[in-house]
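Whatever position you read off the sequence shown (first residue = 1), add 30 for the numbering used here.
C-beta: ideal position from N, C-alpha, C; glycine also.
Right, one structure below, let's go through it.
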Amino acid sequence: MTSQSEGQPVIMPASPSRTTTLLANLASVTSRIQSASSKLPLPKEPRLVAVSKLKPASDILALHNPPTAHSHFGENYLQELQEKARLLPPTIKWHFIGGLQSNKCVSLARDTRALWAVESVDSEKKATLLDKGWGERKAEMGGEEKLRVFVQVNTSGEENKSGVDPGEEVVRLCRFIMDKCPRLRLQGLMTIGAIARSKATTAETENEDFICLKQARERVNEALGLEGDARLELSMGMSEDFEGAIALGSDEVRVGTTIFGDRPPKDRARIL
31 MTSQSEGQPV IMPASPSRTT TLLANLASVT SRIQSASSKL PLPKEPRLVA
81 VSKLKPASDI LALHNPPTAH SHFGENYLQE LQEKARLLPP TIKWHFIGGL
131 QSNKCVSLAR DTRALWAVES VDSEKKATLL DKGWGERKAE MGGEEKLRVF
181 VQVNTSGEEN KSGVDPGEEV VRLCRFIMDK CPRLRLQGLM TIGAIARSKA
231 TTAETENEDF ICLKQARERV NEALGLEGDA RLELSMGMSE DFEGAIALGS
281 DEVRVGTTIF GDRPPKDRAR IL
């Protein structure tokens, strides 16, 4: 690693072999998404968020640079996200998809350059703090007038999973965001779901978590009178099950290991 005169670290490019692997993996996932989308009654290709947690900045740059120019990347850890966002081009659209801690919400919204969406909102307190942080954000940090947020829904009922109940609780939180958080834009609902269901999912075998999230969206849309372009998105589907999620109408899939390969232990991960 070398440094520029201003002291900003230079991101050394990924090796030619690594770049070739990443581009081939992304092309394969994109092709699978297009194939799954083409089978829908009204074909619509979902947004692909490349989940780059614990992977070096050079991997992200290899996919963001032409010819692919992929723009949506997801991170799970606040410090890692903020450092990568500081080092990498502001044209990247960052998604925070990890567990959200109340004491980090203001910094996440205020201090993360080019933040595009927060996908793990599961309480009124966290929504309020994100709203506050977005209001304190400086123009040079980029971003639109409102911060996109997804409400995380615990569709599997697992106690160790974050997220609100898919019944009245999700309606209540979505209503709160729309009524009480003027700097937030309610983009949709997100779920992670149970691992066993994920592994059993195919394009033909429907995942109960995805069905539950679809039902939750319809419940919220109806309760809040959301129609047309205001209808909420579904963020569901990961490496193991994204084709099954697309078959059930996912608007966004979050794919990590199928693009980047296995991740190192967190204590061995390096950004540069």
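Helix, strand or coil at residue i according to DSSP, with G and I counted as helix
i    : result
G165 : helix
S150 : strand
H94  : helix
M31  : Residue confidence for M31 is low, a pLDDT of 35 falling below 50, so the modelled location carries little weight; the figure read from the coordinates is stated next. It is coil, neither helix nor strand.
R178 : strand
V59  : helix
E188 : coil
K296 : helix
V40  : coil
L130 : coil
I301 : coil
L159 : helix
L52  : helix
L70  : coil
L203 : helix
Endpoints, beta strand (DSSP E) assigned at residue i
i    : result
V194 : Premise fails: V194 is in no beta strand (DSSP E) and is neither H nor E.
A80  : R77 to V81
Q217 : L214 to M220
E170 : Counting along the chain, E170 falls outside any beta strand (DSSP E), and DSSP gives it neither H nor E.
G104 : H102 to E105
K123 : K123 to F126
Segment limits, alpha helix (DSSP H) that includes residue i
i    : result
E110 : L108 to L117
V136 : C135 to D141
K229 : I225 to A230
Cβ pair residue i, residue j closer than 8 Å
i    : j    : result
L214 : D281 : no
E263 : G218 : yes
E273 : S228 : no
Q144 : G163 : Here residue 144 turns out to be Ala, not Gln, going by the sequence shown. Result no, Cβ atoms of A144 and G163 do not sit closer than 8 Å.
L56  : H100 : yes
L306 : T142 : The structure shown does not extend to residue 306, since the chain spans only 31 to 302, so no value can be given for it.
V183 : A147 : no
V201 : R247 : no
M266 : T221 : yes
I241 : L302 : no
T288 : D239 : no
Contact set for residue i: own chain, Cβ-Cβ below 8 Å, skip 5 residues either direction
i    : result
A92  : P43, A44, R48, T49, L52 and L53
L203 : V151, D152, S153, E154, A157, V181 and V194
G128 : K83, E105, N106, Y107, L108 and S150
R77  : H102, D281, E282 and V283
Q38  : L117
Contacts around residue i, its chain only, beta-carbon distance under 6 Å, and the 5 residues preceding and following it disregarded
i    : result
T32  : Confidence at T32 is low in this model, with a pLDDT of 37, below 50, so its placement is unreliable and no value can be given for it.
R293 : L84
V81  : G104, R284 and G286
K123 : S101, H102 and W146
E166 : R140
Sequence-distant residues of the same chain with beta carbon closer than 7 Å to residue i, five excluded per side
i    : result
K176 : R213, L214 and R215
K296 : L84
S132 : K155, K156 and L159
A226 : none
N251 : R261 and L262
P120 : R143, A144 and G172
F206 : E154 and A157
E188 : A224
A87  : I41, K114, L117, L118, I301 and L302
Continuous beta strand (DSSP E) assignments of at least 3 residues falling wholly in the stretch 237–291: 263–265 and 282–285
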